[in-house]
Amino acid sequence: MIAQRLSARRLQELLGAWRGDGHSYRELSESIGILVRDGRLPPASVLPAERPLAEQLGVSRTTVAAAYQRLREDRVVESRRGSGTVVLGPRATGGDRRPLGADEEISLTRASPGPWSGLPELGRRALAEHADAFLLDGFDTIGHPALREIIAQRYTDRGLPTRPDQIMVTLGAQHAIFLIARTLLRRGDRSLIESPSYPHAREALAAAGALVAELPVGVRGHDAASMLEITRRSAARLAYLIPDHHNPTGLSMPPELREHLIANLADQGAHLVVDETTAELVLGAPRPVLPFAASAARPHHHDAILTVGSLGKTVWGGLRVGWIRAAPDLIARLEAARVVGDLGTGTWAQVLGALALERYDEVLADRARELTAGHRALLAALERRLPEWSFSPATGGVSVWADLGEPRSTRLGREAARLGLRIPPGPQFGSPGVFERFVRLPFAAAGVDLTRAVEVLSRAWRGGRGSATPAPVRAELV
Ligand SMILES: Cc1ncc(COP(=O)(O)O)c(C=O)c1O
């Protein structure tokens, strides 16, 4: 594996507000350990030398030396002659799951419902009724005609007339976002993203070489004036937005803001990439959600919008079926670019996806019920245990954005890890150094007892200490 040498400045950015009231060397080693476990410091990364890191962090060299020594003892890193301090693979650090006082570790790293309960039946039907799928050649970079037709028809029924040639089926929304980013952006192009936002979208923009500027979304709502001002002077080539039931706040954009954003961006020649992965996940009674692109007033405004959809959060993450809705010439460009990275969406996933979409109203009604119950349980537990925190008034989606009132999110994540609860700190949802006062709390967290999770979180917040080693945290933040 090729070594990635980390600058002291970059490590400081990744660490966030790591210093607490305890021993600095221990806090530093635990914070680096968490970065390794959650994948932000991948195996073979080379940590900065002790002296520059000490200077960058404003601590003594002895503190850094002691922290590195502890990491070596825990087999998180090793010293290699000529290379320095090198991060080991997660496996070497993964055998130490000893969460304190917990039967099992709890993970709030994923904000995603579990598999839809009707899936096994759809699987049986797929085999019984669609065995002809085995006759297809299977290299399908655009999507099966029947599935594209169903997806297009759903948009039309929801108030956005759509033809099948405007649809490309993808391997989920993340695939769609990165495919769009790497097709439409060139190195050094400017792009925009809401802040906070879904972290892997920001990573996709950055990986395509774009500069990423931010459109502020507050805990109480969108900062429309700033968003419009920024879009006016940004000269952005592309803006990535989650207008409905935004991840992580669960908020939706007011209608006037949509119209103005579309006009500002499209009139400058920018593309709007609209991620509707969580748009139809509503709280309360099921209700229709108008697609964002239906707010476009003019043909060239329509053509500027690429809508991303997915069955990942409504039906099942394991299906890996999503799509892009865009003007046919853009769809053709994306299809041509796609083959560099993959050779199409699996046939069986598409068969299952089409069957699930036939019952989509039922799927969405089931999700509304589950999410509403999860949201209620989360808020009740927070009211009891952490009444000093405040939250975004989510109307749907998968999570709320909590304002802790103090910039302690990174320390909270570390303290929680000691108690066997994995939760990503707020800065992971924005640019380095911001959102230390916030944390994402999923109410869709498959298999998690939210009451118990909040209990552990409140102990962590109040400084509950234990001797257990932090539990491993997975890299994906869905
Ligand atoms: C806003 C948003 N977009 C995209 C994704 C990725 O979706 P998929 O599983 O379809 O790739 C997620 C998953 O967490 C998400 O929350």
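Sequential numbering from 264 applies to the sequence shown in the working numbering.
No residue lacks a Cβ here, since even glycine has one placed at the ideal position from N, Cα and C.
Pull up the DSSP beta-bridge partners for residue i, would you.
i: D666; result: S653 and F701
i: R465; result: According to DSSP, R465 bridges with nothing at all.
i: I456; result: E477 and Y503
i: V536; result: Y503 and L569
i: T348; result: L310 and S342
i: S375; result: A708
i: H485; result: V480
i: G659; result: V545
i: S370; result: R685
i: V432; result: W586
i: R268; result: V309
Would a C-beta distance cut-off of 7 Å place residue i and residue j closer than the cut-off?
i: Y288; j: A317; result: no
i: A396; j: T610; result: yes
i: T570; j: L528; result: no
i: L385; j: P554; result: no
i: A657; j: G547; result: no
i: A542; j: V552; result: yes
i: R411; j: I430; result: yes
i: R576; j: T540; result: One point to set straight first is that residue 576 is Lys, not Arg, in the sequence displayed. In this structure, T540 lies closer than 7 Å to K576 by Cβ.
i: P549; j: L627; result: yes
i: A436; j: S573; result: yes
i: A227; j: V545; result: Residue coverage of the chain in this structure runs from 264 to 741, which leaves residue 227 outside it and unanswerable.
i: L371; j: P650; result: no
i: G347; j: T673; result: no
i: L713; j: L641; result: yes
i: L675; j: W724; result: yes
i: I369; j: V711; result: yes
i: A389; j: V614; result: yes
i: T446; j: A600; result: yes
Apart from the five residues just before and just after residue i, which ones in its own chain have a Cβ nearer than 7 Å to its Cβ?
i: G358; result: Because the pLDDT of G358 is 36, which lies under 50, any placement of that residue in the model is unreliable, and the question is left without a value.
i: R261; result: Nothing in the structure corresponds to residue 261, since the chain is present only between 264 and 741.
i: L334; result: S292, I295, G296 and V340
i: E598; result: T404, I405 and M431
i: A612; result: L582, R583 and V584
i: G484; result: L514
i: F692; result: P459, S460, P462, P511, F698 and R703
i: F402; result: L606 and G607
Residues in the same chain with beta-carbon distance under 6 Å from residue i, minus the five sequence neighbours each way, listed in chain order, please.
i: A263; result: Any property of residue 263 remains undetermined from this structure, which presents the chain solely from 264 to 741.
i: E276; result: P695
i: L535; result: A502, L528, A567 and I568
i: V719; result: L682 and L684
i: L478; result: L455, E457, M490 and I493
i: R273; result: none
i: D486; result: P479
Which same chain residues, not among the five before or five after residue i, have their C-beta less than 8 Å away from its C-beta?
i: R677; result: W281, G283, E290, E293, S294, I297 and P733
i: P518; result: S558
i: T356; result: For T356, the predicted structure reports a pLDDT of 41, less than 50, and the residue's modelled location is therefore unreliable. A value from the coordinates is still provided. Answer for T356: G296, V299, R300, D337, R338, V339 and P735, listed in chain order.
i: S375; result: G575, K576, G580, V661, P705, A707, A708, A709 and V741
i: E742; result: For residue 742 there is no data in the structure shown, the boundaries of the chain being 264 and 741.
Kindly say whether residue i, judged by its beta-carbon, lies nearer than 7 Å to any beta-carbon of chain B.
i: E699; result: Included in the structure is just one protein chain, with no chain B present.
Below 8 Å on the Cβ atoms is my guess for residue i versus residue j; work out the distance and round it to an integer in Å.
i: P305; j: A271; result: P305 to A271, Cβ: 18 Å. No contact.
i: R453; j: A498; result: 6 Å
i: T433; j: I587; result: 6 Å
i: L455; j: A526; result: That pair is no contact at about 15 Å.
i: D538; j: I505; result: 5 Å
i: G581; j: P378; result: 7 Å
i: A307; j: Q267; result: 6 Å
i: G472; j: R450; result: 3 Å
i: E313; j: R303; result: The Cβ separation is near 21 Å, so there is no contact.
i: R465; j: V475; result: 6 Å
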